[in-house]
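A.B. asks:
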Amino acid sequence: MRWAGGLQLLLLLASTSWATSLQIPLVVEQLPTIITQTSGPIIALPYDSSVTISCEATGNPQPQFRWTKDGVDFTPPEVIDPTKGTFVVQNKQLTQHHGKYRCYASNKLGTAMTEEIQLIALSVPKFPKEMLDPIEVKEGDPLVLKCNPPASVVPRQIHWMSINLQHIPQDERVSMGIDGNLYFSHTIQNDTRTDYTCVAAFNKIRTIIQKSPMTVLVRSADAAPALSKPRILLPSGVQTEVVLLKGKELKLECLPGGFPPPTVEWIKMGDNLPEGTKYENFGRLLTVASVNEGMEGKYMCKANNSEGDEVHYFDVIVEEPPQWLSEPPQSQLSVIGSDVQIRCAVSGKPVPDITWRKNGEIFRDDPGQKQRIFEDRVVLHNARPEDSAVYQCEASNRHGILLANVNIMVMNMAPLILTADLQEYAVVQGGNIVLNCSVFGSPPPSISWARNEISADIEGERLLVLTNNSLQLISAEKNDSGGYVCVASNSEGKSSITALLDVKDPTKIVTLPQDTQVISGTAAQLMCGAEFDKSLENSFEVTWMKDDEEIPLNFEEKYFLTKGMLQIMNVNLSDQGVYTCIARTSVDMDNASAIVTVLDIPDAPVNLEISELQGPRNISLSWTPGNENNSPVTEFVVEYEESQWDPGKWKELKKVPGNLATANLILHGHLSYQFRVYAANMVGPGPPSEPTLRHKTPPAAPDQNPENIKIQGYLPHQMEISWDPLLPTEHNGPGLEYRVSYRRLGVDEEFKESLVKRHSFVVRNTSTFVPYEIKIQSRNSHGWGPEPKIITGYSGEDVPTAAPRDVAVEVINTTVLRVSWTPVPPVTVRGHLGGYNIHWLRKRSFLNPSKLLDERQSLSFPGKRNHAIVPRLEPFSEYSLTVNVFNKKGNGPKSDPVSFSTPEGVPGQVPILTTSNAQKDSILLVWGPPSETKGILTGYLLQYHLINESSLEVLESQEKNISAPDTTQWQLRDLQEGRLYRFQLRACTRAGCGPPRAQESRTINPEGVASLQRDFSTRGWLIGTMCAVALLTLVAIIACFVRRNKGGKYSGTPQPAQPKDMLSMEQVKEKEDLHPDVESQGMNDDTFCEYSDSEEKPLKGSLCSLTANDDTGDSLSGDSLVDYADGGGEFDEDGSFIGEYSGPKHRGSVSEPNGHSLVAQV
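The sequence shown runs 2 to 1163 under our numbering.
1. Look at V519 and V634 and say whether their C-beta atoms are less than 7 Å apart.
2. Which value, in whole angstroms, describes the spacing of the CA atoms of D725 and P703?
3. For a quick check, are the C-beta atoms of S612 and G714 less than 7 Å apart?
4. On a CA-only basis, which of V243, E532, M566 and T586 is nearest S540? Give me that one, please.
5. Just mark Q577 as buried or exposed, buried being the case when its beta carbon has 16 or more other beta carbons within 10 Å.
6. Our contact map puts S1190 next to V407 with C-beta atoms below 8 Å; I'd like the distance itself, whole angstroms only.
7. For the stretch 362-373 and the stretch 283-296, state whether three or more C-beta atom pairs, one from each stretch, are separated by less than 8 Å.
8. Between S482, S492 and K509, which has its C-alpha nearest A500's C-alpha?
9. Is T356 helix, strand or coil when you go by DSSP?
10. Measure from the alpha carbon of H783 to the alpha carbon of each residue in T730, G687, A680 and H671, then state which is nearest.
11. Quickly, what does DSSP pair H696 with across the bridge? List them, please.
12. Where does E294 fall in DSSP's three states?
13. Would DSSP call D897 helix, strand or coil?
14. Just tell me which of A122, I343 and N838 has its CA closest to the CA of P824.
15. Grab the span of the alpha helix (DSSP H) containing V830 for me, first residue to last.
16. Kindly confirm or deny that the stretch 851-870 and the stretch 893-906 touch, where touching means at least three C-beta pairs closer than 8 Å.
17. Is the beta carbon of Q240 sitting closer than 7 Å to the one on Y314?
18. Taking all protein chains shown into account, do 16 or more other C-beta atoms lie within 10 angstroms of the C-beta of S1116, making it buried, or fewer, making it exposed?
19. Tell me whether P83 is buried or exposed, calling it buried when 16 or more other Cβ atoms sit within 10 Å of its Cβ.
20. In whole angstroms, what separates the C-alpha of S644 from that of N885?
21. Please check the pair R831 and P850, which I expect to be a contact at CB under 8 Å, by giving their CB distance rounded to whole angstroms.
22. List the endpoints of the continuous beta strand (DSSP E) containing V466.
23. Using CA atoms only, rank isn't needed, just tell me which of R819, M720, I775 and D749 is closest to V741.
24. Alpha carbons only, please: which of M683, T793 and A988 is nearest the one belonging to G747?
25. Pull the bridge partners of M1027 from the DSSP assignment, please.
26. Report the option in I206, A809, S521 and I498 whose CA atom is closest to the CA atom of T1.
27. Using the Cα positions of C582 and D49, report the straight-line distance between them to the nearest angstrom.
28. Three-state secondary structure (DSSP) at D180?
29. Return helix, strand or coil for I459, following the three-state DSSP convention.
30. Exposed or buried, what is W646 when buried is set at 16 or more other beta-carbons lying within 10 Å of its beta-carbon?
31. Could you tell me the distance, in whole angstroms, from the CA atom of T990 to the CA atom of T968?
32. In three-state DSSP terms, what is A919?
33. What are the complete alpha helix (DSSP H) segments, minimum 4 residues, inside the stretch 527-579?
34. What does Y743 pair with, by DSSP beta-bridge criteria?
35. Ordered along the chain, which non-local residues of its own chain (more than five positions away) have a Cβ less than 7 Å from that of N446?
36. Taking the beta strand (DSSP E) that M590 falls in, what are its first and last residues?
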């Protein structure tokens, strides 16, 4: 019969036609398919509030659900969703819902079902309440204390403990078996106790229970316990069959009794023990982690001691539950009239039994209906639509059940294209695109693609039809844009759709972000500019990622994106990394990355260590540098803090280059130091390290003497000596004081000494301004400091006692004179020579000789000298002059006064010059007199030039001397009509003419006379207005001039520029400086050339010999200084002109005011 059935199967398989796996879109009617179900068993723990049993399915029409419990229809108590079969069992109902459940999902086409789902409502396990009689045993006999823990599906752990929860000691004689019983190979007297307690712990349900305590009484034998042969206490009998599933852990246990305690040996009959075999419980338990078929066989345990041995055999059988040989049977879609085969290929041990169902009901072999069952196969011959159903294959053995729902759809259907018609696709130029054409039909349709409804096959190098019927376009070009038609056809019909393709310009980043280094605390900026297809503007966006994580823009005011620039505010080390700019449209994207490196201050050094070099005051400090934070360390700074004089304040001690990590330190004595180090780089100084432990230095004599010793004499007969005291940290010990030693320079006498604790000392009753030798040495209670250096100083100064003699003046020009004198004897200075003061008094101006003036001014000339240049005198004036010497104490007496006068000078510029009343051959000139005449005005020099209007060249020049000084207008006649003239007017004194004032105007044409007459009234009004403005301006200028000459600061008077042909006084000063005075070199620059309006108060920083200001007015006349020197302008040895800028001096004579004069003291 078996061979006959096999032959029929072969015949049917030979006639079976093609069928495909079932992939039916939901828009088509189809059988139910289980998509979600709860896998059993479900263990409901006591503290679970509820249990959910799930069952969900798809299908068209929507499936309906029903349940069975233990094979009987069951109405769920609480359904979550009516469209699903899932229901909930609350905690209170768990006990009554204990059982096996199965879910059925049905529609008009068929029924699918789930495997059985077992719900186990677990109750709290308990030991039975019982009264246990004491167990008596003879000493030396074996003993078994039974635990018999309650059964449970959750794992448990067994412990044997005393009443006070102390573990019962276990060893080779006493051990617990895997059944939870406590085995004694033989008993001894110490085994007698009343509190043997079996404790069971169920960790998953957080429960611990204990059995009633057991009492064991061991009767003492009259003699020593007799030796006994081994006896197997567990397992009982000679042989045990052990059946376990493949992959499970193998445990074989052999617990013997006997005295002395037997040892156990394990053997596998006819083979070696499996690889990975382990022994536990003193060799009584054999374990293998994961068994397989090769580990089946007979195992023997052998217990032996000195009295003999005993064996027990284990027959190990490895089985397995049902499982698919390859995969579960697949659902199928078949055409009408085809043969359908369903195979349920399973394995298992024992061999699984296979049960077939159709729509949840038992399916039997029916040859008349051409439905045949051949063991693990079902064959439907010449299938019809009514054969469509859910077929269930259920394979089971004693270890489990395997269930498969197989949907068989038998139908014919014209192609149904599931992809929307006229669907638009976009791809960038050069990119790849897939045009979808998802089709369903039975039999499976054939697919073809065409371009713009042209039936020709379009497949080529860049066009490829994929297995899912989609069309792939590779490396798209602009001319690929357009429509593509997908045509699907089978024996039942034909259908088509059109896909619209638009090839766009690619997105491209054109401004790439650049790697950048940024200092911590500042802002980093990364640029990113992109080009993209303008039609995709609405979908274009730029995003940034840092280290492959998207950056949240405007997050806590950290990141900002403006016009393609990413700004990272207040960066720190956590902000460094790889930043990626992503330019994205709905079609494509481009990206570019840059590395941001954050430069930060270095971390603090660590591991500071102190080691002595030549004692506790000469140490080496070493450290381990911290992280440089991307900027090399330029230097390390060692700081110290000492607890005696300035506790808590850190001070800099030493700097070392950044490539070193050690510093040699010289320390002061009698201090308790702490040290710390910080590093600095280009970003700035980093935090300091942790301070070292205290380092104490012993006291010692001072290492140094005071510095910056100053010797001053505030009074004429004493000398005050002061110095910078040693810092407290430089004392090196207690009792610091100073020894001051002094004696007169050049006198053979011993030093006078005084010990003081302060940092100043006054030597009294000295002569005025006498040199002394001075030295200061420090000492403390531990000795003297080093030998001090000797310095020289002077006792107190007094004011000079003598006045300069032979004072003479030489007038160089209208505003400058040279003063000379015979220096005072050095002994009369009575101090350090400061220099000489020159005082002069302007008595009157020859322009107004009846008015007496009292204009006093002075200049200070530092250093040793015998002459000076005095600038900024007023021309045409009478003066008197004195000279005195000064030192730091004050001014000496003034010399006898010397009188002199300054010559006339050229007048200033005419303030205003206007032209009016222009005729065809004449023009009227109107002007105002100069504000500064600097002498007696003799008239004006008028020059006028005919100008070529095109080239602006002078064609003809004439001049006119106007001898009347009171004249303020002039009518020029005999001019050429209609021509342009330039007029230049100068004011003149006997010393010459001043700078010109220029004005341009033109004569009129005869043709324009009539027009001029018509506008006469208007022009007359204009001329009058201009004259009024000129007059007001002239009055203002005269007022300013008068105010300026009323005793103001000399240095504030504005001066005109020097003519080019004049020798500047700065040049004269340069010649004088060729051989400077030796004593003047040591003078303070602040005292050089002081100037004052008062005789008694020289002003610091004023002009000296015109070197501080070139604007000296009419400082030198047009005559060369050579005219005043003997020997053609040669220099003498001190750098001044030979001949003192003039010819022979004449004492007691005064020259006329209109020429150069020399005034000497009579």
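Using N, Cα and C, we set each Cβ at its ideal position, and we do this for glycine too.
C.D. replies: Inspection of the coordinates gives the following:
1. As a first step, residue 519 must be located in the sequence shown, where it is residue number 518. As a first step, residue 634 must be located in the sequence shown, where it is residue number 633. No, Cβ-Cβ distance for V519 and V634 is not below 7 Å.
2. One-based indexing of the sequence shown puts residue 725 at position 724. One-based indexing of the sequence shown puts residue 703 at position 702. The alpha-carbon atoms of D725 and P703 are separated by roughly 15 Å.
3. Against the sequence shown, residue 612 aligns to sequence position 611. Against the sequence shown, residue 714 aligns to sequence position 713. Not a contact, by the Cβ cut-off of 7 Å.
4. Residue mapping note: residue 540 aligns to position 539 of the sequence shown, counting from 1. Comparing Cα-Cα distances from S540 to each of V243, E532, M566 and T586, the minimum goes to T586.
5. Your numbering for residue 577 matches position 576 in the sequence shown. With 16 or more neighbouring CB atoms inside 10 Å of its own CB, Q577 falls in the buried class.
6. Residue 1190 lies beyond the range of the chain shown here (2 to 1163); nothing can be said about it.
7. The stretch 362-373, when compared against the stretch 283-296, does not touch it at the 8 Å Cβ threshold.
8. Taking the first residue of the sequence shown as 1, we reach residue 500 at position 499. Among S482, S492 and K509, the Cα nearest to that of A500 belongs to S482.
9. As a first step, residue 356 is located in the sequence shown; it is residue number 355 there, counting from the start. T356: strand per DSSP, three-state reduction.
10. Within the sequence shown, residue 783 is the residue found at index 782, counting from 1. That would be H671, whose Cα lies nearest to the Cα of H783.
11. On the sequence shown, residue 696 is found 695 positions in, with the first residue counted as 1. Paired residue(s): Y674.
12. Here residue 294 corresponds to residue number 293 of the sequence shown, with the count starting at 1. In the structure shown, E294 sits in a helix (DSSP, three-state: H, G or I).
13. Working through the sequence shown from its first residue, we reach residue 897 at position 896. Reduced to three states, the DSSP call for D897 is coil.
14. On the sequence shown, residue 824 is found 823 positions in, with the first residue counted as 1. If we check each option's Cα against that of P824, N838 comes out closest.
15. Locating residue 830 in the sequence shown gives position 829, counting from the first residue. Where V830 is concerned, the enclosing alpha helix (DSSP H) stretches over P827 to V830.
16. no
17. One-based indexing of the sequence shown puts residue 240 at position 239. One-based indexing of the sequence shown puts residue 314 at position 313. Yes, Cβ-Cβ distance for Q240 and Y314 is below 7 Å.
18. Within the sequence shown, residue 1116 is the residue found at index 1115, counting from 1. With a pLDDT of 36 at S1116, under the threshold of 50, the predicted position of this residue should be treated as unreliable, though the coordinate-derived value follows. Per the 10 Å Cβ criterion, buried.
19. For the purposes of this step, residue 83 is taken as the residue at position 82 of the sequence shown. Burial call: exposed.
20. Position 643 of the sequence shown, counting from 1, holds the residue named residue 644. Position 884 of the sequence shown, counting from 1, holds the residue named residue 885. Distance between the alpha carbons of S644 and N885: 59 Å.
21. Counting from one through the sequence shown, the residue named residue 831 turns up at place 830. Counting from one through the sequence shown, the residue named residue 850 turns up at place 849. In fact, because the Cβ distance is near 43 Å, the residues do not count as touching under 8 Å.
22. For this step, residue 466 is matched to residue 465 along the sequence shown. Looking at the DSSP string, the run of the beta strand (DSSP E) that includes V466 is L464 to V466.
23. As a working mapping, residue 741 is identified with position 740 in the sequence shown. That would be I775, whose Cα lies nearest to the Cα of V741.
24. For the purposes of this step, residue 747 is taken as the residue at position 746 of the sequence shown. Per the Cα distances, T793.
25. To locate residue 1027, count along the sequence shown from 1; it is residue 1026. None, per the DSSP bridge assignment.
26. The structure shown does not extend to residue 1, since the chain is modelled only from 2 through 1163, so no value can be given for it.
27. Working through the sequence shown from its first residue, we reach residue 582 at position 581. Working through the sequence shown from its first residue, we reach residue 49 at position 48. If you draw a straight line from the Cα of C582 to the Cα of D49, it comes to about 51 Å.
28. Counting from one through the sequence shown, the residue named residue 180 turns up at place 179. DSSP places D180 in coil when its eight states are reduced to three.
29. Translated into positions along the sequence shown, residue 459 becomes position 458. Reduced to three states, the DSSP call for I459 is coil.
30. Counting from one through the sequence shown, the residue named residue 646 turns up at place 645. It is exposed - the Cβ of W646 has fewer than 16 other Cβ atoms within 10 Å.
31. Residue 990 sits at position 989 when you count from the first residue of the sequence shown. Residue 968 sits at position 967 when you count from the first residue of the sequence shown. Between T990 and T968, the C-alpha separation is close to 14 Å.
32. As a working mapping, residue 919 is identified with position 918 in the sequence shown. Coil at A919, not helix or strand.
33. none
34. Sequence index remark: in the sequence shown, residue 743 carries index 742 (1-based). In the DSSP output, where bridge partners are listed per residue, Y743 has K753 and I775.
35. Along the sequence shown, one-based indexing puts residue 446 at 445. The sequence given here has Pro at residue 446, not Asn. Hits under 7 Å: P416, V440, A489, S490 and N491.
36. As a first step, residue 590 is located in the sequence shown; it is residue number 589 there, counting from the start. M590 to L600 is the span of the beta strand (DSSP E), which, as asked, contains M590.
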